[in-house]
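Engineer: Residue numbers (my numbering): 21 to 387.
The beta-carbon is built from N, C-alpha and C at its ideal position, and this holds for glycine as well.
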């Protein structure tokens with residue numbers, strides 16, 4: 021994920037995303053891929069043997085790969101990317117980029133940043149409204165903007181073109197972008213729209229995927245540390261599961277009364293700020309988003325080694341089951357660490373004290 025300054029996504033986020041949006045000037049295959057955030061992995065697309073990669077929190081993404089598109093895996097900000105070669109040497113790129121928070125879909129701000137960077141003048145909200153179309157992404161309807169006439173690198177006569185679809189979904193904003201040579205993007209636009217229609221989102225913890233995941237290591241109770249990672253003491257009874265690109269660590273907590281999990285993740289910047297992340301967490305347990313001032317009041321201070329953090333404790337009801345999310349947001353050295361305990365209410369209550377002690381005693385690298 022691209023580095024951002026410590027502003028909210030409403031300001032710095034679109035700038036970082038705009039930089040990425042400006043990047044990049046036979047047989048149908050099925051790809052199954054779960055969204056990453058940090059280190060890239062190799063993704064193989066095959067019609068006969070779809071590949072699924074374990075992730076947490078983010079949904080599994082499935083698409084139909086158009087003929088002639090070369091799959092290139094995740095990039096710095098993208099979770100999936102594709103390259104297209106034209107018959108005359110033209111090139112274009114397609115990227116899929118998720119951003120935390122549905123507020124990341126400030127289309128007016130984003131479009132004008134892109135237009136300014138591409139040498140085009142700003143447009144008003146009324147003018148933008150006339151440009152916005154709709155596109156189908158799986159079973160959802162997204163906004164689609166076609167930015168034609170953007171100058172290519174170096175300001176030459178070659179005109180680039182950007183087609184951008186924006187879909188807010190369950191506390192995230194998904195950006196699907198095709199950019200490159202104007203002629204090639206024009207020729208590929210219908211193919212791009214068909215690609216969007218082929219996309220489907222699936223819950224991360226499906227039985228088929230869970231069965232294919234390698235077994236986790238035995239429960240760990242010792243202090244853990246490695247290069248770039250913090251050192252922590254894992255409470256008894258927590259079973260550590262394999263880390264993923266989204267998560268630095270994941271632990272399973274189970275008992276006769278239900279189950280829960282603890283996850284640890286880290287992102288550059290403040291990832292939208294505390295209120296936006298409170299609303300993101302609320303959406304994960306079936307609660308509606310609150311006005312930012314109300315969301316901010318749900319977070320209270322928590323002392324941690326070397327500084328202060330914010331604690332969030334919310335309960336909801338999903339599929340008739342009472343669930344609870346206890347989260348801690350730790351800003352440190354231009355990054356934000358997220359610790360989350362999510363699961364059945366009884367298990368969350370039983371493990372809350374151990375969870376908070378775990379978070380409060382973490383020793384960060386370079387501390």
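For the beta strand (DSSP E) containing residue 193, name the first residue and the last one.
Structural biologist: Here the beta strand (DSSP E) through residue 193 covers 192-201.
Engineer: Among residues of its own chain, excluding the 5 on either side of residue 328, which ones have a beta-carbon nearer than 8 angstroms to its beta-carbon?
Structural biologist: Hits under 8 angstroms: 321 and 322.
Engineer: Do residue 295 and residue 309 come within 7 angstroms of each other at the CB atom, strictly closer than that value?
Structural biologist: In this structure, residue 295 does not lie closer than 7 angstroms to residue 309 by Cβ.
Engineer: When you compare only the Cα positions, how much space is there between residue 373 and residue 217?
Structural biologist: Near 46 angstroms, if we compare the C-alpha coordinates of residue 217 and residue 373.
Engineer: Taking the CB atoms as reference points, tell me whether residue 286 and residue 380 lie closer together than 7 angstroms.
Structural biologist: For residue 286 and residue 380, no; Cβs fall outside 7 angstroms.
Engineer: Looking at the structure shown, is residue 285 part of a helix, part of a strand, or coil, going by DSSP?
Structural biologist: Residue 285 falls in the strand class under three-state DSSP.
Engineer: Taking only the alpha-carbon atoms, compute the straight-line gap between residue 342 and residue 258 and give it to the nearest angstrom.
Structural biologist: Roughly 21 angstroms separates the two Cα atoms.
Engineer: Compute the Euclidean distance between the alpha carbons of residue 88 and residue 105, then round it to the nearest angstrom.
Structural biologist: Using only the alpha carbons, I get a separation of about 8 angstroms.
Engineer: For the alpha helix (DSSP H) that contains residue 159, what are its first and last residues?
Structural biologist: Segment: none, residue 159 is in no alpha helix (DSSP H) and carries neither H nor E.
Engineer: So, with DSSP's three-state summary, where would you put residue 322?
Structural biologist: Correct three-state label for residue 322: strand.
Engineer: Which of the three DSSP states, helix, strand or coil, is assigned to residue 300?
Structural biologist: Residue 300: helix per DSSP, three-state reduction.
Engineer: Please classify residue 181 as buried or exposed, where buried requires at least 16 other C-beta atoms within 10 Å of its C-beta.
Structural biologist: The residue in question, residue 181, is buried, as its Cβ has 16 or more Cβ neighbours within 10 Å.
Engineer: Taking the continuous beta strand (DSSP E) assigned at residue 383, which residues delimit it?
Structural biologist: Unbroken run through residue 383: none, as it is neither H nor E.
Engineer: For residue 290, which three-state DSSP category applies?
Structural biologist: Looking at residue 290 - three-state DSSP - the assignment turns out to be coil, as it is neither helix nor strand.
Engineer: Residue 87 by DSSP, collapsed to three states: which one?
Structural biologist: Three-state result, residue 87: coil.
Engineer: Could you pull out every residue in the same chain whose Cβ sits closer than 6 angstroms to the Cβ of residue 135, ignoring the five residues on either side in sequence?
Structural biologist: Excluding sequence neighbours, residue 135 sits near nothing in its chain.
Engineer: Kindly indicate the opening and closing residues of the alpha helix (DSSP H) around residue 146.
Structural biologist: Note, residue 146: alpha helix (DSSP H), 145-151.
Engineer: Can you name, in chain order, every residue of its own chain whose Cβ lies under 6 angstroms from the Cβ of residue 142, other than the five neighbours on each side?
Structural biologist: Around residue 142: 132.
Engineer: Is it right to say residue 281 is buried, meaning 16 or more other beta carbons lie within 10 angstroms of its own, or is it exposed?
Structural biologist: Classification of residue 281: buried, given that the 10 Å Cβ count is 16 or more.
Engineer: Suppose contacts are defined by Cβ-Cβ distances below 7 angstroms. Is residue 344 in contact with residue 313 by that definition?
Structural biologist: Their beta carbons are not under 7 angstroms apart, which means residue 344 does not touch residue 313 by this criterion.
Engineer: Less than 7 angstroms separating the beta-carbons of residue 350 and residue 357?
Structural biologist: A contact, by the Cβ cut-off of 7 angstroms.
Engineer: So is residue 300 buried or exposed if we call it buried at 16+ other beta carbons inside 10 Å?
Structural biologist: Answer is buried; the Cβ neighbour count reaches 16.
Engineer: Determine, using beta carbons only, whether residue 338 and residue 306 come nearer to each other than 7 angstroms.
Structural biologist: The answer is yes: Cβ separation under 7 angstroms.
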